[in-house]
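Worksheet for the structure shown next.
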Amino acid sequence: MSKLNILIAASEIVPFAKTGGLADVAGALPKALRALGHDVRLVMPRYYLVDREKYGLKRLEGSLGVPMGVMGELWAGVYEGLLPQTDIPVYFIDYEEYFGRSDLYDTNGEGFADNDNRFIFFSRAVMQLSKKLHFHPDVIHANDWHTAAIPVMLNTLYKHDRDFSATGTLLTIHNLQHQGKFYKGVMDVLAIGWEHFYDLEDNGSVNLLKGGIVHADAVSTVSRKYAQEICTAEFGWGLEGLIGKYSYKLHGILNGVDYDEWSPAIDPFIPNHFDVEDMSGKVLCKRALQETFHLSQRPEVPLIGLVGRLAEQKGIALLSASIHKLLEMDIQIVMLGAGEKWAESFFSHIAAIYPDKFSCFIGYRNDLAHQIEAASDLFLMPSLFEPCGLNQIYSLRYGTLPIVRATGGLDDTIENYQNDSSNGTGFKFYDATADALINTVGWAVHTWYNDPNGFRQMQHNAMSRRFDWDVAGREYEALYYTIKEGRKG
Ligand code: ADP
Ligand code: GLC
638 MSKLNILIAA SEIVPFAKTG GLADVAGALP KALRALGHDV RLVMPRYYLV
688 DREKYGLKRL EGSLGVPMGV MGELWAGVYE GLLPQTDIPV YFIDYEEYFG
738 RSDLYDTNGE GFADNDNRFI FFSRAVMQLS KKLHFHPDVI HANDWHTAAI
788 PVMLNTLYKH DRDFSATGTL LTIHNLQHQG KFYKGVMDVL AIGWEHFYDL
838 EDNGSVNLLK GGIVHADAVS TVSRKYAQEI CTAEFGWGLE GLIGKYSYKL
888 HGILNGVDYD EWSPAIDPFI PNHFDVEDMS GKVLCKRALQ ETFHLSQRPE
938 VPLIGLVGRL AEQKGIALLS ASIHKLLEMD IQIVMLGAGE KWAESFFSHI
988 AAIYPDKFSC FIGYRNDLAH QIEAASDLFL MPSLFEPCGL NQIYSLRYGT
1038 LPIVRATGGL DDTIENYQND SSNGTGFKFY DATADALINT VGWAVHTWYN
1088 DPNGFRQMQH NAMSRRFDWD VAGREYEALY YTIKEGRKG
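Counting from 638, one number per residue, gives the positions in the sequence shown under my numbering.
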């Protein structure tokens, strides 16, 4: 098979900018593809927080013309760097007015009013950059609504452009909740022609993700289960009918995780290393974390970790409804997260009421995320929906048994505990109710206290599971070849 030219466009990429798992994926998948021999390149916006010096970014000569319909042509700068420890080029679209802000998408929970123009601009810049570089991609891989306009642009504005005569598109949906819905007037900025309005139309508005689903050669989600779920009204956010119609081009490819970053034997952020053969370091990590979070240093109490965006998706309403009952148990909970203001103040308040049982850090801290993974005995993810979820997979590696709601990637990656055989890697519940959550935490805590051998066996199971990127990378590779073949047809 000939090697592919792959252009991956994402609104965030580790290590340059990150708000969630999309950045982890966009920073890790390319390495797996490169290892398979492909010419893979990345494009993202040059946000204010992307440190040019630290990453040695160089400005490409000249400016990039980005036509924006009625707004005329805007001129962007382009910086070039490498994904650290690789030879994979990363291009940064620089446009002060759109990306020279300290936040990526919103400020104080309010999306920026010009997010439509910002990401239409970015999508168009990806196309223009590809031409400027004479890259001739076999596949452009777009991610989420921010870059969902790319497949639309390819099939309309660039339909007869010879630079893209062999180019196909993949759109990966990391989260269907966010679709990029805007006033229909943005059609004049997209400038694809009003005859294409109905490909993007959603109750009179423009829906960029919808357009991407209609126009991409293939659509994928980040777990198999989520690929099935989004065809239903419960998880489809209004697009279930459309997705059902295009289900022939829908794929589920489970994310991998980067074990160079997330392994207790080498993790530079944790105070003591450990592995499945020798868990003594985990006990020390727990003690250190209890100290960091001002909890009593009791090795025998089960410590439950929580790390994530405090967003509705993550089940924070369920958790808040359950928290008093949960804290009746002899447990400790450590939480790291930021997001919805009500949740930030609610959980800070809980920490004040239960100082020796519940402790939280409101904010974003990568080092603490690692320390919580390493130190906790159990890890709670009561998500209402979860396209993949990465933290539960990290938890497995650290012998921290996940307690999850069986949805999307959580269901695909966690095997439920079997009381009699100690099979399984975690504890699952199905109903999105406080009772189900409380009972399942109770079940896990009971196992911790009353069946330490079973618990140990599960840790062993969990730590032996692997979700390597080279597996996911090969699945993407196969899909790219299918897309390329399909385009020829
Ligand atoms: P999502 O992308 O929906 O936020 P994922 O589980 O896929 O969920 O990925 C979340 C990523 O962001 C993980 O790498 C997690 O460790 C990280 N993360 C989330 N919140 C925080 C935080 N407050 N501090 C540090 N890391 C965080
Ligand atoms: C999204 C999803 C999360 C997934 C991540 C990476 O943010 O919410 O479940 O793991 O994307 O694909």
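C-beta atoms are modelled at their ideal positions from N, C-alpha and C, and glycine is treated no differently.
At least one heavy atom of the ligand ADP is found less than 8 angstroms from the C-beta of Ala1006. Positions of the beta strand (DSSP E) runs, each at least 3 residues long and wholly inside the segment 1063-1106, are given as 1064-1066 in order along the chain. Rounded to the nearest angstrom, the gap between the Cα atoms of Leu827 and Gly1061 is 50 angstroms. Nearest C-alpha to Ile1120 among Met790, Val662, Ser700, Val856: Val856. Of the residues assessed, Met1095 falls on the buried side of the cut-off, its CB having 16 or more other CB atoms within 10 angstroms. Beyond the five residues adjoining it in sequence on each side, Arg1124 comes within less than 6 angstroms, by CB distance, of Gly805 in the same chain, given in chain order. Using a Cβ-Cβ distance cut-off of 8 angstroms, the segment 677-688 and the segment 730-739 are in contact, since at least three pairs of beta carbons, one from each stretch, lie closer than that value. Judged by their CB atoms, Ile890 and Leu1116 are nearer to each other than the 9 angstroms cut-off.
Under DSSP, Arg1002 takes part in no beta bridge, so it has no partner. When Cβ pairs closer than 8 angstroms are counted between the two stretches, the segment 746-764 is seen to touch the segment 774-790, the count reaching three or more. About 7 angstroms separates the Cβ atoms of Leu837 and Val789, confirming a contact at the 8 angstroms cut-off. The ligand GLC has a heavy atom closer than 8 angstroms to the beta-carbon of Gln950. With a threshold of 8 angstroms, the Cβ atom of His811 counts as near the ligand GLC, since some heavy atom of the ligand is closer than that.
In the three-state scheme derived from DSSP, where H, G and I count as helix and E and B as strand, Pro901 is classed as coil. Annotation: the continuous alpha helix (DSSP H) that includes Tyr1031 extends over 1028-1034. For Pro936, same chain residues with a beta-carbon under 8 angstroms away, outside a window of 5 residues either side, are Val920, Lys923, Arg924 in chain order.
The Cβ-Cβ distance between Pro992 and Phe1016 does not fall below 9 angstroms. Taking a 10 Å sphere around the C-beta of Val651, we find 16 or more other C-beta atoms and assign the residue as buried. Thr809 carries a strand assignment under DSSP once its states are collapsed to helix, strand and coil. Unbroken alpha helix (DSSP H) runs of no fewer than 4 residues, entirely contained in the segment 865-893, are found at 870-873, 877-882, following chain order. Residues of the same chain with a CB within less than 7 angstroms of the CB of Asp743, apart from the 5 flanking positions on each side, are Phe749 in chain order. DSSP places Phe984 in the helix class (H, G or I) of the three-state scheme. Per DSSP, the beta-bridge partners of Ser842 are Asp839. The alpha-carbon of His1097 is positioned some 51 angstroms away from that of Lys769. Shown here, Glu733 sits in a helix according to DSSP, grouped into three states. Distances taken from the Cβ of Asp800 to the heavy atoms of the ligand ADP include none shorter than 8 angstroms. In terms of side-chain proximity, the C-beta atom of Cys868 is found no nearer than 8 angstroms to any non-hydrogen atom of the ligand GLC. Taking 8 angstroms as the cut-off, one finds no heavy atom of the ligand ADP near enough to the beta carbon of Glu1122.
Gly974 has its CB no nearer than 8 angstroms to any heavy atom of the ligand GLC. Considered as a whole, the segment 1034-1062 harbours 1038-1042 as its complete beta strand (DSSP E) runs of no fewer than 3 residues, in chain order.
Taking C-beta separations shorter than 7 angstroms and ignoring five residues to either side along the sequence, the partners of Ser917 in its chain run Phe911, following chain order. Counting along the chain, the unbroken beta strand (DSSP E) around Arg678 starts and ends at 676-682. Between the segment 1019-1038 and the segment 885-903, the count of Cβ pairs shorter than 8 angstroms is three or higher; the stretches touch.
Per DSSP, Asn642 lies in no alpha helix (DSSP H); the unbroken beta strand (DSSP E) holding it starts and ends at 642-646. When secondary structure is reduced to three states using DSSP, Gln765 falls in the helix class.
Taken from the Cβ of Cys922, every heavy atom of the ligand ADP lies 8 angstroms or farther away.
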